[in-house]
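In my numbering, the protein residues as written are 677 to 885.
Here's the structure, in structure tokens; my notes come after.
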């Protein structure tokens, strides 16, 4: 269910630890997960990420921008995210949740297929002697700049309340926190006022709409 090679979050619980749990412990954990989904409330202790930096290949490490931020999230959070995503896909057809023109972060889709789609549109326009225009935008740090209020407004029109309310709690405005770790030193905790975490299970699907 989870990649056992992934680093754990602040709680230091790895995917292997969860896999090795006794059956009765797994049953209790499942009970907790079911209660969370039934109450439609995201637990506050899970709302913290530890961010580490990894240098981008071929970039000068003396500058701040050539680093890629990696969010280390609680392993239990990832399991809960998977369960919530499964519930969302059960309540709503993924095709209705995700725009047809979106190819990245979709199962069985890739950016190569998007290139084929655009090429096909251009060819059809050429054959019909029509104009074909395109606008390309390269938005820096798009995941970090997602406006929570606007995102919730959009997905509320799509999802039923049983799926929307947990997501609203998950994106709890101004209450998600992060701390940065670098060279063995850890910063204080800060509130996240916007954005979704790329390394999370729910981050990319929530970002897409």
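Cβ coordinates follow ideal geometry from the N, Cα and C atoms, glycine included.
Bridge partners for residue 745 per DSSP, in chain order? Here the question's residue 745 lines up with position 69 in the chain shown. According to DSSP, which records beta bridges pairwise, residue 745 is partnered with 729.
Would residue 754 be called buried (16 or more neighbouring beta carbons within 10 Å of its own) or exposed? Your numbering for residue 754 matches position 78 in the chain shown. It counts as buried.
Other residues of its chain near residue 761: CB distance less than 7 Å, five sequence neighbours each side excluded: Your numbering for residue 761 matches position 85 in the chain shown. Excluding residues within five positions, the ones whose Cβ falls inside 7 Å are 877, 878, 881.
Helix, strand or coil: which one does DSSP assign to residue 690? On the chain shown, position 14 is the one that residue 690 refers to. Three-state DSSP puts residue 690 in coil, outside helix and strand.
My understanding is that residue 767 touches residue 845, with C-beta atoms under 8 Å, so please give their C-beta distance in whole angstroms. Looking up residue 767 in the chain shown gives position 91. Looking up residue 845 in the chain shown gives position 169. Not confirmed; about 16 Å, so no contact.
For residue 878, which three-state DSSP category applies? As a working mapping, residue 878 is identified with position 202 in the chain shown. Residue 878: coil per DSSP, three-state reduction.
Is DSSP giving residue 709 helix, strand or coil here? For the purposes of this step, residue 709 is taken as residue 33 along the chain shown, with counting starting at 1. Reduced to three states, the DSSP call for residue 709 is helix.
So does the segment 792-806 actually touch the segment 859-866, counting three or more Cβ pairs closer than 8 Å? no
State the DSSP-derived secondary structure class of residue 751, mapped to helix, strand or coil. The residue labelled residue 751 in the question sits at position 75 within the chain shown. The answer is helix: DSSP assigns residue 751 an H, G or I state.
Could you give the C-beta distance for residue 757 and residue 842, rounded to a whole number, given that I count them as a contact under 8 Å? Here residue 757 refers to the residue found at position 81 when the chain shown is read from its first residue. Here residue 842 refers to the residue found at position 166 when the chain shown is read from its first residue. At roughly 10 Å, the Cβ-Cβ gap does not stay under 8 Å, so residue 757 and residue 842 are not in contact.
Since residue 745 contacts residue 727 with CB under 8 Å, what's their CB separation in whole angstroms? In the chain shown, counting from the first residue as 1, residue 745 sits at position 69. In the chain shown, counting from the first residue as 1, residue 727 sits at position 51. Contact flag correct, Cβ pair sits at about 5 Å.
Just reading off the beta strand (DSSP E) that residue 832 is part of, what are its end residues? For the purposes of this step, residue 832 is taken as residue 156 along the chain shown, with counting starting at 1. Not the beta strand (DSSP E): residue 832 falls in the alpha helix (DSSP H), residues 824-832.
How long is the line joining the alpha carbons of residue 871 and residue 806, rounded to whole angstroms? For this step, residue 871 is matched to residue 195 along the chain shown. For this step, residue 806 is matched to residue 130 along the chain shown. Computed Cα separation, rounded: 39 Å.
Distance between residue 858 and residue 686 (C-alpha atoms, nearest Å): Position 10 of the chain shown holds residue 686. Position 182 of the chain shown holds residue 858. When rounded, the distance between both Cα atoms is 14 Å.
Of the residues 700, 776, 804, 803, the one placed nearest residue 793, counting alpha carbons only: Your numbering for residue 793 matches position 117 in the chain shown. Considering only alpha carbons, the answer is 776.
Excluding the 5 residues flanking residue 832 on each side, which residues of the same chain have their C-beta closer than 6 Å to its C-beta? To locate residue 832, count along the chain shown from 1; it is residue 156. 840.
With C-beta atoms as the reference, is residue 835 less than 8 Å away from residue 764? Position 159 of the chain shown, counting from 1, holds the residue named residue 835. Position 88 of the chain shown, counting from 1, holds the residue named residue 764. Yes; because the gap between Cβ atoms is below 8 Å, this pair is in contact.
Boundaries of the alpha helix (DSSP H) in which residue 790 is found, first to last residue: Here residue 790 corresponds to residue number 114 of the chain shown, with the count starting at 1. First-last of the alpha helix (DSSP H) with residue 790: 787-803.
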